[in-house]
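Presented below is the structure to which this report refers.
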Amino acid sequence: MRALTDTRLLFNRYGLQMVRNPVWVFVGMSTPLLYLVLFTPLLNSISSHSSGLSTSGRAIDGFLPGILALLAFASGSGPGFNMIFELQQGVTERFRVTPASRAAILLGPILFGTASMFFFDILLVAVGAAFGFHIHLAGLLILAVLLGLLMTTTAAFSISMAIATGDINGFAAIINGMNLPVMLLAGVLLPISLGPTWLRVLAHFDPLYYLVEAARSLSAGNLATSATWQAFAVLTPLAVLTVGWATNVFRRAVA
């Protein structure tokens, strides 16, 4: 019970920080909206059937699910940057002398980041629906579980790397260096099936690729497909391993 109470308090703490600085809400939402508004029209001139982007013939039905997956990956880097700031400002040092649960200190920012991501996802789907995105509720609910798994994995990884580097420049270099290859290999902007064989093979080493493929399938209303179970098979153990690693790193940091 103590860990749950501490997690709730720390969750609320990060919520208050966002309320006091709402500009981050607009910054976090602007990028996926710009992708949706400025990039989707470019895809409308491409046959969605022939490109493999969507089976409905509408580019947005294949593009929006990829953006939701990308948002989960991008949202996961936020807790790492926040951890750097708290390390530099001595907040983590103050937590070391409190009876607060160590697990709660780690889970608080991860859970808040996940909740924020779902808030952005709902807004993005609502905007997409106005542009003609077809909503399949059952598929989106299953997709939400996968999005939460990737968000948790990325957040745990970013927090661990933030503690390991302890420096904003080094951490930012690692995260920014990962963003472009991970996004391109996942086929977020265009399906990876359009690429050569070597690129399609390399994409299978990218966890985001499995989420993007499952997201497009689930958003189309196809629930029982190989893309869905492959995404669960990859993301579930990856989330468990990454959170376990992050827990050990964090406990040593605040011991």
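So for the sequence shown, the numbering used here puts the first residue at 1; every next one is plus one.
Note that CB positions come from ideal geometry on N, CA and C, so glycine has one too.
Remember, it's a predicted structure, so these values are computed and weren't measured experimentally.
Rounded C-alpha distance that separates Ser-77 from Ile-84: 11 Å
Give the DSSP-derived three-state secondary structure of Gln-89 in the structure shown. coil
Measuring only the C-alpha atoms, how far is Thr-134 from Ile-110? One point to set straight first is that residue 134 is His, not Thr, in the sequence displayed. Distance between the alpha carbons of His-134 and Ile-110 is about 30 Å.
Taking only the alpha-carbon atoms, compute the straight-line gap between Ala-186 and Leu-71 and give it to the nearest angstrom. 13 Å
CB contact flag (Phe-257, Leu-208, <8 Å): Absent from the model: residue 257. The displayed extent of the chain is 1 to 255, so no value can be given.
Closest to Asn-222 by CA distance: which of Leu-140, Ile-67, Phe-11 is it? Leu-140
Taking Cβ to Cβ, would you say Arg-216 is nearer than 8 Å to Pro-65? yes
Residue ranges of each beta strand (DSSP E) run of no fewer than 3 residues wholly in the region 166-218, ordered along the chain? none
Quick check on the DSSP output: the alpha helix (DSSP H) that includes Thr-40 runs from which residue to which? If you look at Thr-40, you'll find it in the alpha helix (DSSP H) that goes 40-43.
When the Cα of Ala-227 is compared with those of Leu-241, Thr-153, Ile-142, Asn-248, which residue comes out closest? Ile-142
Using the Cα positions of Leu-218 and Pro-41, report the straight-line distance between them to the nearest angstrom. Approximately 23 Å between the Cα atoms of the pair.
According to the neighbour-count rule (16 or more other Cβ atoms, all chains shown, within 10 Å of its Cβ), is Gly-244 buried or exposed? When all chains shown are included, Gly-244 counts as exposed.
Would you kindly work out how many angstroms separate the C-alpha atoms of Ala-231 and Ala-104, rounded to a whole number? 28 Å
If you draw a straight line from the C-alpha of Ile-122 to the C-alpha of Met-29, how long is it? Rounded to the nearest angstrom, the two C-alpha atoms are 11 Å apart.
Out of Val-125, Val-91, Ser-116, which has the shortest C-alpha to C-alpha gap to Ile-60? With distances taken between Cα atoms, Ile-60 lies closest to Val-125.
Of the choices Ala-156, Glu-213, His-204, Leu-202, whose alpha-carbon is the least far from that of Phe-81? Ala-156
Under a Cβ-count criterion, where at least 16 other Cβ atoms within 10 Å of its own Cβ denotes burial, should Ala-306 be classed as buried or exposed? No answer is possible for residue 306: the residues shown for the chain start at 1 and end at 255.
When you compare the CB positions of Thr-114 and Thr-152, do they come within less than 8 Å of one another, or not? Yes. Within cutoff.
Residue of Met-18, Gly-62, Phe-26, Gly-108 minimising C-alpha distance to Phe-256: What the structure shows of the chain is the stretch from 1 to 255, and residue 256 is not part of that stretch, so it cannot be assessed.
Quick check: the Cα distance between His-204 and Tyr-210, rounded to an integer number of angstroms? 8 Å
Three-state secondary structure (DSSP) of Gly-132: coil
For Gly-221, the three-state DSSP class (helix, strand or coil): coil
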